[in-house]
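Peer 1: I'd like to ask some things about the structure below.
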Amino acid sequence: MENQLQIYNTLSRKKEVFTPLHPGKAGMYVCGPTVYGKPHLGHARSAITFDLLFRYLKHLDYKVRYVRNITDVGHLVNDADEGEDKIEQRARLDELEPMEVVQLYINHYEKAMDKLNVLSPSIEPRATGHILEQIEAVEKIIASGFAYESNGSVYFDVEKYARNHPYGRLSGRKTEDMLSSTRELEGQQEKHSPLDFAIWKKASPGHIMRWPSRWSEGFPGWHLECTAMSSKYLGETFDIHGGGMDLTFPHHEAEMAQSRAAFGHDSVRYWMHNNMITLNGQKMGKSLGNAISLDEFFTGGHPLLEKAYSPMTIRYFMLTAHYRSTLDFSNEALQAAEKGLARLLKASDTLDLIRASEKSTVDTARLRECCYTAMNDDLNTPVALAHLFDGVKMINAIADGKETVSAGDLADLKNLFTVFIFHLFGLQKHEEEASSCSAAFEGAVDLLLRLRMNAKAAKDWGTADMIRNELLKLGFEIKDTKDGFSWELRD
RNA sequence: GGUCGGGUGGCCGAGUGGUAGGCGAAGGUUUGCAACACCUUUUACAAUGGUUCGAAUCCAUUCCCGACCUCCA
Numbered sequence: 001m002e003n004q005l006q007i008y009n010t011l012s013r014k015k016e017v018f019t020p021l022h023p024g025k026a027g028m029y030v031c032g033p034t035v036y037g038k039p040h041l042g043h044a045r046s047a048i049t050f051d052l053l054f055r056y057l058k059h060l061d062y063k064v065r066y067v068r069n070i071t072d073v074g075h076l077v078n079d080a081d082e083g084e085d086k087i088e089q090r091a092r093l094d095e096l097e098p099m100e101v102v103q104l105y106i107n108h109y110e111k112a113m114d115k116l117n118v119l120s121p122s123i124e125p126r127a128t129g130h131i132l133e134q135i136e137a138v139e140k141i142i143a144s145g146f147a148y149e150s151n152g153s154v155y156f157d158v159e160k161y162a163r164n165h166p167y168g169r170l171s172g173r174k175t176e177d178m179l180s181s182t183r184e185l186e187g188q189q190e191k192h193s194p195l196d197f198a199i200w201k202k203a204s205p206g207h208i209m210r211w212p213s214r215w216s217e218g219f220p221g222w223h224l225e226c227t228a229m230s231s232k233y234l235g236e237t238f239d240i241h242g243g244g245m246d247l248t249f250p251h252h253e254a255e256m257a258q259s260r261a262a263f264g265h266d267s268v269r270y271w272m273h274n275n276m277i278t279l280n281g282q283k284m285g286k287s288l289g290n291a292i293s294l295d296e297f298f299t300g301g302h303p304l305l306e307k308a309y310s311p312m313t314i315r316y317f318m319l320t321a322h323y324r325s326t327l328d329f330s331n332e333a334l335q336a337a338e339k340g341l342a343r344l345l346k347a348s349d350t351l352d353l354i355r356a357s358e359k360s361t362v363d364t365a366r367l368r369e370c371c372y373t374a375m376n377d378d379l380n381t382p383v384a385l386a387h388l389f390d391g392v393k394m395i396n397a398i399a400d401g402k403e404t405v406s407a408g409d410l411a412d413l414k415n416l417f418t419v420f421i422f423h424l425f426g427l428q429k430h431e432e433e434a435s436s437c438s439a440a441f442e443g444a445v446d447l448l449l450r451l452r453m454n455a456k457a458a459k460d461w462g463t464a465d466m467i468r469n470e471l472l473k474l475g476f477e478i479k480d481t482k483d484g485f486s487w488e489l490r491d
């Protein structure tokens, strides 16, 4: 039983063995982006963390339904229940329809995720597509007595709820502490208590995004969409709910309260939260104005970036830290990641050239075991990577003839590397550039390098070096091997 | 102020009682030279005290940093 997947549950603050609600199936819901701006490194961290989980669960033969929402309404700019909708604000500033803003940034997000090789979730529901479900949820909460209407808006009655239910359990706080530290805000006369949050909000006259309801023309509160959509697609109880740590309070705490008020029980069995990306020790975030967008990373177009970093470098960089640790961004760290990744991928190429021997002098079974143990330990990718680098040493030693591997072990090693590097970690070799080269192009480069080989054989170093140096200038990487050469196009 | 989490070598980053790993640097092997690869080396656990055969890891005190408490992945 020791080698089972364990995940850290924010609710219990412990690692727990993952046992799904329904044997053989796993349901996961993750808070996706609010689409009012370009995706940045933080979005990538969350997406990659849960993509890894999604891939691993599938690898463990679970039938996984992965729901990641898109928030396209209800997220207000400032204080929780006042202020402009984020998307409407962007629309006003850019003179666009709110849905144009939504579409634009969904496109940006999808494109970036695609580059990062983040798999599409099973379902990507949008809040605006689930207004009816959200209205139904409001009805349920009112019926259970934990919400009240006030001037066309409906608020969740936190104090009443907290009398019989633990509010603050997930984020580890007490209602009295929250009360004492809550700021006095303008326009909160509608609420019974400053802790109450809106689940339906009456639209002000200038508000564009609005839907009819029996309380008012308005829009749903931010926290509600996740309760409505997760229960719709995963059921009133489901396995895993993920998101960034900064969503723990108030968003997830509110979700928990809503679910319990609406359904009479908790919905989520395992809460998982990924930590933040930091920049000079400070959280990278839109509101702090220190976020670097993913596009900027891919093109190098940001003053803080010394160069462009490929999507795979970013993906690998994320995997070098555990998902619950903060990860500090720096050019140095990214360049180290770039080189580490190249070394790993090179070894996986080398693996294809290795020939099996009678006997093995290496222990591939143990390597395999170590890799899985690391993954089962709350997705400990940095440790799994460390073991894979032991594998890299192993591969290079075999290729050098210093160690030998049997046919069975070689197959095992190949399988391990393929599964971990490509299937689970989702890393890819340079964007299939090789396949985009035409046969004629490849033939021409091969011809040049064969000429160089001839020159070398004739000890005509001038010609040999000229060919190599000119090709290097054009962006090729040239390597001499034992019995010839290899080349590839740098990206 | 409240709650929670941290402080590890030049950089990043694992690690809850007994050699992570990557990147960098130095030296060497290989090579016509180079790249790749390989071998060796290097510097560490914020401070102080304590527990222990043995502590980065446990306890105490101190200092420093961050996250959340408003919207944020």
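Here the first sequence stands for residues 1 to 491, numbered as in my numbering. Here a beta-carbon is modelled for each residue, glycine too, at the ideal position from N, C-alpha and C.
So ASP412 and THR364 are supposed to be a Cβ contact under 8 Å. How far apart are they, rounded?
Peer 2: That belief holds up - the Cβ atoms of ASP412 and THR364 are roughly 5 Å apart, short of 8 Å.
Peer 1: So, for ASP409: in the same chain, excluding its five sequence neighbours on each side, which residues have a beta-carbon less than 6 Å away from its beta-carbon?
Peer 2: SER360, THR364, listed in sequence order.
Peer 1: Buried or exposed for ASN469, please, with buried defined as at least 16 other CB atoms from any protein chain shown within 10 angstroms of its CB.
Peer 2: Answer is exposed; the Cβ neighbour count stays below 16.
Peer 1: Would you call PRO166 buried or exposed, if buried means 16 or more other Cβ atoms sit within 10 Å of its Cβ?
Peer 2: That one is exposed.
Peer 1: Is GLU97 helix, strand or coil when you go by DSSP?
Peer 2: Correct three-state label for GLU97: coil.
Peer 1: So THR248 and SER181 are supposed to be a Cβ contact under 8 Å. How far apart are they, rounded?
Peer 2: With a Cβ gap of about 16 Å, THR248 and SER181 do not count as contacting.
Peer 1: Take THR19 and list the residues in its own chain whose beta-carbon comes closer than 8 Å to its own, dropping the five residues that flank it on each side.
Peer 2: Hits under 8 Å: none found.
Peer 1: Could you compute how far the alpha carbon of THR71 sits from the alpha carbon of GLN103?
Peer 2: Distance between the alpha carbons of THR71 and GLN103: 12 Å.
Peer 1: Would you mind reading off the limits of the beta strand (DSSP E) that contains THR320?
Peer 2: THR320 -> no beta strand (DSSP E), and no H or E assigned at all.
Peer 1: Can you tell me whether GLN4 is buried or exposed? The criterion is at least 16 other CB atoms within 10 Å of its CB, across all chains shown.
Peer 2: It counts as exposed.
Peer 1: So for MET28, helix, strand or coil by DSSP?
Peer 2: Note: MET28 maps to strand in three-state DSSP.
Peer 1: What do you get for MET375, buried or exposed, if any count of 16 or more other CB atoms within 10 angstroms of its CB means buried?
Peer 2: Buried: at least 16 other Cβ atoms inside 10 Å.
Peer 1: Within its chain, find whatever has a CB closer than 6 Å to the CB of GLU217; leave out the 5 residues flanking it on each side and keep chain order.
Peer 2: Contacts found: ALA203, ARG210.
Peer 1: Out of LEU57, GLU133, LYS58, SER293, state which residue places its alpha-carbon closest to the alpha-carbon of LYS111.
Peer 2: Looking at the Cα atoms, SER293 is the closest of the given residues.
Peer 1: DSSP state of TRP271, grouped into three classes?
Peer 2: Of the three classes helix, strand and coil, the one that applies to TRP271 here is strand, per DSSP.
Peer 1: Considering only C-alpha positions, which residue in the set LYS15, TYR105, ILE421, ILE131 is nearest to LYS38?
Peer 2: Comparing Cα-Cα distances from LYS38 to each of LYS15, TYR105, ILE421, ILE131, the minimum goes to TYR105.
Peer 1: Taking ALA374 as part of the alpha helix (DSSP H), name the residues at either end of that continuous run.
Peer 2: Here the alpha helix (DSSP H) through ALA374 covers 364 to 376.
Peer 1: Decide if the region 124 to 133 is in contact with the region 215 to 231; the criterion is three or more beta carbon pairs, one per stretch, under 8 Å apart.
Peer 2: In short, these stretches touch, since the Cβ pair count reaches three.
Peer 1: Give me the Cβ distance between PRO221 and ILE199, rounded to the nearest whole Å; I'm assuming they're in contact under 8 Å.
Peer 2: Residue 221 is actually Gly in this sequence, not Pro. About 4 Å; that satisfies the 8 Å criterion.
Peer 1: Indicate the three-state DSSP secondary structure (helix, strand or coil) for PHE54 in the structure shown.
Peer 2: If DSSP states are grouped into helix, strand and coil, PHE54 belongs with the helices.
Peer 1: Figure out for me which residue from SER46, ASN151, LYS174 has the closest Cα to the Cα of GLU118.
Peer 2: Note on residue identity: the sequence assigns Val, not Glu, to residue 118. The option with the nearest alpha carbon to VAL118 is SER46.
Peer 1: ASP480 by DSSP, collapsed to three states: which one?
Peer 2: In the structure shown, ASP480 sits in a strand (DSSP, three-state: E or B).
Peer 1: Find out if the Cβ-Cβ distance for the pair LEU367, ASP349 is shorter than 8 Å.
Peer 2: Result no, Cβ atoms of LEU367 and ASP349 do not sit closer than 8 Å.
Peer 1: In the DSSP assignment, find the unbroken beta strand (DSSP E) run with TRP200 in it and report its ends.
Peer 2: First-last of the beta strand (DSSP E) with TRP200: 197 to 202.
Peer 1: Taking the alpha helix (DSSP H) that ASN396 falls in, what are its first and last residues?
Peer 2: 381 to 399 is the extent of the alpha helix (DSSP H) around ASN396.
Peer 1: THR320 and GLN269 - do their beta-carbons sit closer together than 8 Å?
Peer 2: Correcting the residue identity first, residue 269 is Arg in this sequence and not Gln. No; because the gap between Cβ atoms is not below 8 Å, this pair is not in contact.
Peer 1: Identify the residues that DSSP records as bridge partners of SER406: which are they?
Peer 2: Note: SER406 sits in a beta bridge opposite SER357.
Peer 1: Taking all protein chains shown into account, decide if PRO212 is buried (16 or more other Cβ within 10 angstroms of its Cβ) or exposed.
Peer 2: It counts as exposed.
Peer 1: Between the Cα of TRP271 and the Cα atoms of ASN280, GLU253, PHE263, which residue gives the shortest distance?
Peer 2: For TRP271, the nearest C-alpha among the options comes from GLU253.
Peer 1: Taking the straight line between their C-alpha atoms, what separation do you get for CYS31 and ALA44?
Peer 2: Between CYS31 and ALA44, the C-alpha separation is close to 13 Å.
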